[in-house]
Amino acid sequence: MADRPTPLLNPVLSLRVEPAPKAGSRGGKGRQSINVARLPEQIRVLGAASRALLGSRAQLSTFSGKTHLVARMFIDSLAPTKAPNDLFHPTQACQLVAPVKHGYLIEADVDELERLNYVIEHPSNIKVQADISNVKELGLYSADEKLRGRDLQQMWDAALDDEEGGKLFIVWLAPFRDQAAQTALLDQVNVLADTGTIQPTFSLPPQLFATREEAARAQPLAVSRQSSIARAMRSYRAHGAARTMIRVPSLDGLNQLVASGASYRIDPVRPIRAAQPGVGQHPDVPVDLTGAPVVGVIDGGLHAPSYATAEAWRVTPSLIPDVHADRVHGNGVTSLVVHAHAWNNNRPLPPLNCRVGTVQAVPHRNSRHPFNTTALIDHLMQVFRDHPETRVWNISANEEAPFNPNDISYLGHELTLLARQHGILPVISIGNVSQSNSDGPNAPADCEAAISVGGRIASGTGAPGDGCPRCLPGPGPDGMLKPDLSWFSELRMVGGVIDTGSSYATPLVSSVAAHTFAKLRDPSPDLVKALLINAAERDTHDPRLGWGTPFNGAAPWECHNGSVTLAWRARLTPGSAYYWNGIPIPPEMVKDGKLTGRGRLTAVLSPMVSPHASSNYFATRLQTALQYPKGKDKWDNLLGTMKESSLAETDARKELAKWQPVRRHSREFDALKFQGNHFRLFAQVFARDLYQFGRTRAEEIGPQEVAFVLTLWGADGDETIHDSTVRALGNFVESAVINQEIEIQQ
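Residue numbers (the working numbering): 565 to 1310.
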């Protein structure tokens, strides 16, 4: 019998240790929460503000007696523990309903504003005193707030023209908890629609097929087009929050919409575009793609005959007709998904081949085909449902510059919801620099659930180098750490053309992600994302490079020589701390009796997100650290500082990206004194702004899913670290990779 070939690199290991939960401590407001120096002045300031509201209540926009106020916090009072939910409380006929920038949106009963004013001016309750001392100002949620500081003309000019006249906007309905107020708001929306002030757009539920032959045999569906306004009203009645695309015939109509009070936020619809890659001849596909993983390519379609054998499936009919599709861009991106390494053999790219599923949904730049964001989302919803076997989806197209860069885009938010619902991983280009935007990502690169990809130029040796100046940098809205990864943005593709843009870096990441899914025994989108980020080289996030490039001689499912990687998933309930005990300290990390080496911990939380897609977008966060023993019942942090909970909120957000769902801690360490044989990993999930979801306690939201990846290197690069870790863990570890069992070298 021939000897079985030994894998060149060891597989990533799957940790099978159950964590030990421990109830977390509960905080609360006490006398120490009161800013004594500020309290008298804030009683005066907020008292005057509430009296002014009381005096103007006849002019307030109301729904069944309810209106919206906004409370701005002092910059040192942004922590969730200082939310003013005792001042703005149902006993004062008001309540918090949504986070806004540096504050909170408040639903208030206008007939009871006098009660709120009295409590502010006569605060006997300690918790109320604390809230008053931390609230900087109180006022109406005005038109300026809804327009994010822009004027109506700017909003109108920025919106996409509709083929039937007027402009297209995304309207986010104002959130109310009171059911009578919700009903009154929907009545107001009906009035606006009946008078033609706003008009619905329509989306026909798509009848999708994998091939053109199936489409030819099918019978047409007897369905009616769906009104965007009717759908939003149904969603609002069910959930108390909704957003949709509408047509506004005139600037005066936009003014009436804002003045009606029915909206929380209004966004101009922006077209989705792709960079142009030029033209050229189509070469044959020089690879056997049997069994290769499939990447769904949402682009301008595939029209290169030589790549027909690379197509696993095709959605028919297309959302965008052939004559309007960005066919050249679609061909170029597809060729890079299939075999970028073959087109760019002077770049250190992994020799990975993929098949594609074709979703023709991106119009070319000069097309006048109407763009309907809602129709695109509906189309993708059906495609994702019809192709559950396709887990990675490449989107190398972006909207034009964001109009409200501090808000999460409608498209990015909806893609996040779809990705979480269908268990898929979108891989999205961050966008290219233009006259209208050079500062931050273009939608939908602000999709939380996605891997957003930036561009890099090649160094003198051909390796990934500095950030590409033609690709947009991060961060994203609400401090999002975007891009996640980056790779070569100047590439050769079908036809032999060479072009530059984040569109072309994105397929490189998509192909690696698809192969990672295919290699793992128990993959999930966040575990694949964590493995790719963990494989990248940077210790700190860079606004152009992200965490770096997910390939440096070893694939994400492989361990570099001299290292060992453990990966696992867990469900953590907020309110409890979790400890993974018994992670062995490899002897290769002990030098002269002291801890020496390198470590990297990457964790990705599947967070709860605000339905309003604005400030405080992430409602849950993860805090995690790898700890080493310093003595009996004494532990110190090796990877991760645990300072997210101790630093001032603004400092923790700025310095530690406290509320971002990707946590990454990486460092070298030398000659650390320790006592013991095992590490332990700590993790805890925290929550904020739970009133948005009708919850008051963190435990009520249920377990939150987290993917962990931990890589350890020894002091001298000793390759035995993988084997020694496997021996020490015994039955509590297995290969994370399909068809690659653990082999311990004797």
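The beta carbon of each residue, even a glycine, is placed where N, CA and C say it ideally should be.
Practice item. Taking 8 Å as the threshold, find out whether the segment 661-679 comes into contact with the segment 590-604 through three or more Cβ pairs. Key: Verdict: no, contact absent.
Problem set entry | Reference L1202; option with closest CA among T1137, S1174, T1275, N930 | Considering only alpha carbons, the answer is T1275.
Report task. Compare the C-beta of H803 with all C-beta atoms of chain B and state if any pair is closer than 8 Å. Result -> This model lacks chain B altogether, as it is built from one protein chain only.
- Item | Same chain, Cβ closer than 7 Å to F948, neighbours up to 5 away in sequence not counted | Cβ neighbours of F948 beyond the five flanking positions: L982, H986, I988.
Self-check item: Endpoints, beta strand (DSSP E) assigned at N1145
Solution: For N1145, the enclosing beta strand (DSSP E) starts and ends at 1140-1148.
Less than 8 Å between the beta carbons of K731 and L724, yes or no? Less than 8 Å divides the Cβ of K731 from the Cβ of L724.
Could you round the C-beta distance between A1279 and T1160 to whole angstroms and report it? I think they count as a contact, below 8 Å. With 8 Å as the limit, A1279 and T1160 qualify as a contact, their Cβ atoms being about 4 Å apart.
Practice problem: Report the three-state DSSP secondary structure of I1285 (helix, strand or coil). | Solution: In the displayed model, I1285 falls within a helix according to three-state DSSP.
- C-alpha distance - N958 paired with E1269, whole-angstrom precision: Rounded to the nearest angstrom, the two C-alpha atoms are 24 Å apart.
Review point. Based on Cα-Cα distance, which residue from L975, Q596, P857 lies nearest to K646?
Key: Nearest of L975, Q596, P857 to K646, Cα basis: Q596.
message: Here's a check: name, in chain order, each residue in its chain whose Cβ is nearer than 8 Å to the Cβ of R679, leaving out the five neighbours to either side.
response: Sequence-distant Cβ neighbours of R679 in its own chain, meaning closer than 8 Å and more than five residues away, are Q656, A657.
Where does the unbroken beta strand (DSSP E) through S1016 begin, and where does it stop?
Its beta strand (DSSP E) spans residues 1015-1022.
Sub-8 Å separation of D1010 and G1040 beta-carbons
Cβ distance < 8 Å, so D1010 and G1040 count as in contact.
On the three-state DSSP scale, how would you describe F733?
-> Here F733 carries a strand assignment [DSSP, helix/strand/coil].
- [ ] Provide the residue span of the beta strand (DSSP E) that contains P832, from first to last.
- [x] Start and end: 827-832.
Mark Y682 as exposed unless 16 or more other C-beta atoms lie within 10 angstroms of its C-beta, in which case mark it buried. Counting C-beta atoms within 10 angstroms of its own C-beta, Y682 has fewer than 16 neighbours from the protein chains shown and is therefore classed as exposed.
Item to complete: Could you tell me whether the Cβ atoms of I810 and I696 are closer together than 8 Å?
Response: Result no, Cβ atoms of I810 and I696 do not sit closer than 8 Å.
Strand pairing of L1190, partner residues [DSSP]: Per DSSP, L1203, L1245.
**Item:** Spatial distance of P857 from V920 (CA atoms)
**Value:** Roughly 8 Å between the two C-alpha positions.
Which residues share a DSSP beta bridge with I793? Assignment of beta-bridge partners to I793 by DSSP yields no partner.
Q: Helix, strand or coil for A723, going by three-state DSSP, please let me know.
A: Here A723 carries a coil assignment [DSSP, helix/strand/coil].
Quiz prompt | Where R1085 sits in the DSSP three-state scheme | solution = Looking at R1085 - three-state DSSP - the assignment turns out to be coil, as it is neither helix nor strand.
- Message: Suppose only complete runs of 3+ residues qualify. What are the beta strand (DSSP E) ranges in the segment 1056-1114, listed by chain order?
- Response: Every beta strand (DSSP E) stretch that sits fully inside the segment 1056-1114 and reaches 3 residues is listed by chain position as 1062-1064.
Item to check | Bounding residues of the beta strand (DSSP E) (the contiguous stretch that carries Q743) | outcome: From DSSP, Q743 is part of no beta strand (DSSP E) but of the alpha helix (DSSP H) over 743-758.
**Secondary structure of P1039, DSSP reduced to three states** = In the structure shown, P1039 adopts coil according to DSSP, grouped into three states.
Kindly identify the DSSP beta-bridge partner or partners of P663. In the DSSP output, where bridge partners are listed per residue, P663 has Y668.
- Leaving out five residues before and five after L756 in sequence, what residues of the same chain have Cβ atoms less than 8 Å from its Cβ? Hits under 8 Å: I762, Q820, L821, S824, A826.
Check your understanding: Exposed or buried, what is I994 when buried is set at 16 or more other beta-carbons lying within 10 Å of its beta-carbon?
Key -> So I994 counts as buried.
- Task: Determine contact between the segment 1023-1043 and the segment 995-1007, defined as no fewer than three beta-carbon pairs at a distance below 8 Å.
- Result: By the Cβ rule, the segment 1023-1043 counts as touching the segment 995-1007, because three or more pairs are nearer than 8 Å.
Next item on the list: Can you tell me the Cβ-Cβ gap for V1073 and V997, rounded? I've got them flagged as a contact below 8 Å.
Entry: With a beta-carbon spacing of about 20 Å, V1073 and V997 fall beyond the 8 Å limit used to define contacts.
*Relative to the alpha-carbon of V879, which residue among H943, N649, L617 has its alpha-carbon at the smallest distance?*
When each option's Cα is compared against that of V879, the closest is H943.
Exercise. So, are the CB atoms of Y1143 and F1250 less than 8 Å apart?
Worked result: Y1143 places its beta carbon 8 Å or farther from that of F1250.
Original post:
Can you name the residues that DSSP bridges to S1299?
Top reply: Beta-bridge pairing links S1299 to L577.
Note to self: Would you call the segment 604-622 in contact with the segment 1162-1180, where contact means no fewer than 3 C-beta pairs closer than 8 Å?
What the structure shows: Note that the segment 604-622 does not touch the segment 1162-1180; fewer than 3 beta-carbon pairs, one per stretch, sit closer than 8 Å.
If you reduce the DSSP assignment to three classes, tell me which class T775 lands in. Because T775 sits at a pLDDT of 41, beneath the cut-off of 50, its placement in the model cannot be relied upon, and the following sentence gives the value as read from the coordinates. Assignment of T775 by DSSP, reduced to helix, strand and coil, places it in the coil class.
message: If you reduce the DSSP assignment to three classes, tell me which class A622 lands in.
response: Reduced to three states, the DSSP call for A622 is helix.
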